[in-house]
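For the record, in the sequence shown the residue sitting at position 70 is 70 according to our numbering, with numbers rising by one throughout.
Have a look at the structure below before the remarks.
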Amino acid sequence: MSSSVDFFTCPKCGGNAYREQDNKTCEITFSCSSCDWHGEPVDNSSPQKSDAKDYYLLFVWRSVEPKLLGPFKTIKLRDEKAKELKEDHGDLSNYYQVEVSKGAEINIDCYAGDFFEE
Ligand SMILES: [Zn+2]
């Protein structure tokens, strides 16, 4: 094989796009089978794309146990919850903002204690 191909969703039309890398030159080319996209940046503010978001709060209890809270309808609601948790748990725990496209599924889990041991 002289090249490798990855298929993915075309950012322009949503069709079947692919990325091809030549193993000799390492040159990467992008193409789409449904439109004329060739890897140029796509304007994500185009009206066909929804910019609706779900807001989550990732709470990591004492750097041990991650917990995903949400989705919250607004950033404000999420931030209020973050403040509430911070009051209860203080600096020993961590609080992160998570923002995803509406309806996207997020799965968060921790590695078991022996995962990183040889
Ligand atoms: Zn396309």
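Note that beta-carbon positions come from the ideal geometry of N, C-alpha and C, so glycine has one too.
In this text, all values refer to a predicted model and were calculated from it rather than measured experimentally.
State the Cα-Cα distance for the pair Ala104 and Asp114, rounded to the nearest angstrom. 30 Å
Closer than 8 Å: is that where the CB of Lys12 sits relative to any heavy atom of ligand 1? yes
When we look at the beta-carbon of Cys10 and count the other beta-carbons within 10 Å, is it buried (16 or more) or exposed? buried
Exposed or buried, what is Arg62 when buried is set at 16 or more other beta-carbons lying within 10 Å of its beta-carbon? exposed
Using a 10 Å radius around the Cβ and a threshold of 16 neighbouring Cβ atoms, would you call Tyr56 buried or exposed? buried
Examine the Cβ distances between the stretch 58 to 75 and the stretch 30 to 38 and report whether three or more of them are shorter than 8 Å. no
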